[in-house]
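Letter by letter, the sequence shown follows residues 1 to 519 of UniProt numbering. In this text, a Cβ means the ideal position worked out from N, Cα and C, and glycines have one as well. Just so you know, these numbers come straight off a predicted model, no measurement behind them. Notes follow the structure.
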Amino acid sequence: MAPPGQLLPLARSLLPLSAPPFVSGRRRRLPTLVLGRALPPPTWLPHGRLPPAHPLPFAPPRRLSRPPPPATSLPGASPGGGAEAQAVLAEFVTSERVKVAAMLGLALALCNADRVVMSVAIVPLSQAYGWTPSFAGVVQSSFLWGYLVSPIIGGALVDYYGGKRVMAYGVALWSLATFLSPWAAARSLWLFLSTRVLLGMAEGVALPSMNNMVLRWFPRTERSSAVGIAMAGFQLGNTIGLLLSPIIMSRAGIFGPFVIFGLFGFLWVLVWISAISGTPGENAQISAHELDYITRGQKLVKTQSGGERLRKVPPFSKLLSKWPTWALISANAMHSWGYFVILSWMPVYFKTIYHVNLREAAWFSALPWVMMALLGYVAGVVSDRLIQNGTSITLTRKIMQTIGFVGPGVALLGLNAAKSPVIASAWLTIAVGLKSFGHSGFLVNLQEIAPQYAGVLHGMSNTAGTFAAILGTVGAGFFVDRMGSFRGFLILTSLLYFSSTLFWDIFATGERVDFDGTG
1 MAPPGQLLPL
11 ARSLLPLSAP
21 PFVSGRRRRL
31 PTLVLGRALP
41 PPTWLPHGRL
51 PPAHPLPFAP
61 PRRLSRPPPP
71 ATSLPGASPG
81 GGAEAQAVLA
91 EFVTSERVKV
101 AAMLGLALAL
111 CNADRVVMSV
121 AIVPLSQAYG
131 WTPSFAGVVQ
141 SSFLWGYLVS
151 PIIGGALVDY
161 YGGKRVMAYG
171 VALWSLATFL
181 SPWAAARSLW
191 LFLSTRVLLG
201 MAEGVALPSM
211 NNMVLRWFPR
221 TERSSAVGIA
231 MAGFQLGNTI
241 GLLLSPIIMS
251 RAGIFGPFVI
261 FGLFGFLWVL
271 VWISAISGTP
281 GENAQISAHE
291 LDYITRGQKL
301 VKTQSGGERL
311 RKVPPFSKLL
321 SKWPTWALIS
331 ANAMHSWGYF
341 VILSWMPVYF
351 KTIYHVNLRE
361 AAWFSALPWV
371 MMALLGYVAG
381 VVSDRLIQNG
391 TSITLTRKIM
401 QTIGFVGPGV
411 ALLGLNAAKS
421 PVIASAWLTI
431 AVGLKSFGHS
441 GFLVNLQEIA
451 PQYAGVLHGM
461 SNTAGTFAAI
471 LGTVGAGFFV
481 DRMGSFRGFL
491 ILTSLLYFSS
501 TLFWDIFATG
511 ERVDFDGTG
């Protein structure tokens, strides 16, 4: 057994053998004294004249305080314009933390691309094997069976080992499951379903790992925007999967996308373990200015030693005794219900309601995810700007989540009344786009109310979300079998969005909650 805080043997063999930056005991620092240079006259002297000569042959050195680095924030959140805004943008684009956000976005893009392939493949597979809509819903939900419990386990692992290590294992495992899907399908349906369950188990660590890396790498005033960047990749993964899968299938068969996306996942793992560090302090390339900016802009949780972490059991009963926890669970459940219903059934919806072909159905279903990626980043910037301008974190999270629930609820009613696939796609784009405002609501709120338990809390709320996603995905199939239409199910989803908004606005908070009973 590896001691706490060390990599397991497999991970240690994958990582490059280089000394961490703290071994030398030195780190670059900004100078605090200007030596050998005359200091300007004090500004408080009349006409800038110097005082009488010091009686000693030399003037005693004065301790100069280091001027604070210029405020740095994400594009759109900087107060000034012109040259200063350009400098801020240039610093952010070339910073180490934006590399972390970009790699997280790529990981989440692969996560969703591997997941969404089945939403396209389910149509030819149903035709080939004669599956009913009910059974197709069961097949689509097989991913969620594995996803059901893994977020809790993954969240605990993230809190213990850190997001970098857990994310590397997760991407490697879900890429393997995707890559092996054709081999499994050639042998039996149950073996194929097992690879989808394994995919769900591995992908359960993705969002807790992302939250952990954002917590460690970004100051509080940039976390919404960082989550916006990462989740933009998450939604672009839907677009990539929905648009490329029919093209690849037409050339390489039904299982071509599974192989290609799996190989890209292996490539991502190699880049991640060699180019990204778990914390800013472990990064050898980070500048002293950026390191100081990150640490000054975040309220760090006291690090626990390995022995303490081994004895520390998350206080599940105390977590569940607070209303803000239930607000998060309710929001995640509703978000997952709507998300997976739209993700899993929209290609089928356009094909059955508007009788378009598979490639056209994929296009109509993919456009909304592009909008979600764009508006998700915009929502993050707006959220950070509100906080920087003095709006309380609690009010900001409530505003963002209200838009993220009420907007889709209204838009799904419009989708229900649409008479053409173009109008339906427009309403669906509005619904999915506005849904992204929730990423600056409940998803960031996990880090705020319990930073020391963010991984476990994310896992708990994600498990509730997975129950809701299974119920929604399978329920939609049975609803169509019984009623012959999606329309009643869309009305039900809208009503659930409105009730979840009310619950969130009453019980959510942006302040840290005392789950340990220490204050």
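Residue state for residue 285 is assigned as coil, using DSSP reduced to three classes.
The residue among 128, 494, 448 with its C-alpha nearest the C-alpha of residue 397 is 448.
Here residue 458 is buried. Its C-beta has 16 or more other C-beta atoms within 10 Å. Nearest neighbour of residue 412 by Cα position, chosen from 338, 402, 514, 499, turns out to be 338. Three or more beta-carbon pairs drawn from the stretch 243 to 260 and the stretch 115 to 128 are found closer than 8 Å, and the two stretches are therefore classed as touching. Under the three-pair Cβ rule at 8 Å, the stretch 474 to 494 does not count as touching the stretch 181 to 190. With a cutoff of 8 Å on beta-carbon distance, residue 228 and residue 377 are scored as near each other. Just so you know, the alpha carbons of residue 374 and residue 433 end up roughly 8 Å apart. Take the alpha-carbon of residue 107 and the one of residue 261: they are about 11 Å apart. Residue environment: residue 286 is assigned as buried (16 or more neighbouring CB atoms within 10 Å of its CB, all protein chains considered).
In the three-state DSSP reduction, residue 321 falls in the coil class, being neither helix nor strand. Counting along the chain, residue 397 sits inside the alpha helix (DSSP H) bounded by residues 393 to 417. Residue 420 carries a coil assignment under DSSP once its states are collapsed to helix, strand and coil. Inclusion of residue 167 and residue 209 in the CB contact set at 8 Å is warranted, their separation being smaller than that value. By a beta-carbon distance limit of 8 Å, residue 150 does not contact residue 266. Their separation comes to about 20 Å. DSSP places residue 161 in the helix class (H, G or I) of the three-state scheme. Between residue 257 and residue 274, the C-beta gap is not smaller than 8 Å, which leaves the two residues out of contact. In the three-state scheme derived from DSSP, where H, G and I count as helix and E and B as strand, residue 180 is classed as coil. Note on residue 439: 16 or more other CB atoms within 10 angstroms of its CB, so buried under the neighbour-count rule. Scanning 442, 379, 355 for the CA closest to the CA of residue 335 turns up 442. Annotated three-state conformation of residue 377 is helix, per DSSP. Within the model, the alpha-carbon separation for residue 153 versus residue 410 is close to 36 Å.
Here DSSP, grouped into helix, strand and coil, assigns residue 139 to helix. The Cβ atoms of residue 230 and residue 328 do not sit closer than 8 Å to each other.
In the structure shown, residue 270 adopts helical secondary structure according to DSSP, grouped into three states. For residue 480, the uninterrupted alpha helix (DSSP H) segment begins and ends at 454 to 483.
Leaving aside the five residues that flank residue 430 on each side, the residues in its chain whose CB is nearer than 6 Å to its CB run, in chain order, 411. A contact between stretches requires three or more CB pairs, one per stretch, nearer than 8 Å, and the stretch 412 to 421 fails this requirement with the stretch 386 to 397. In the DSSP assignment, residue 505 falls within the unbroken alpha helix (DSSP H) covering 487 to 507.
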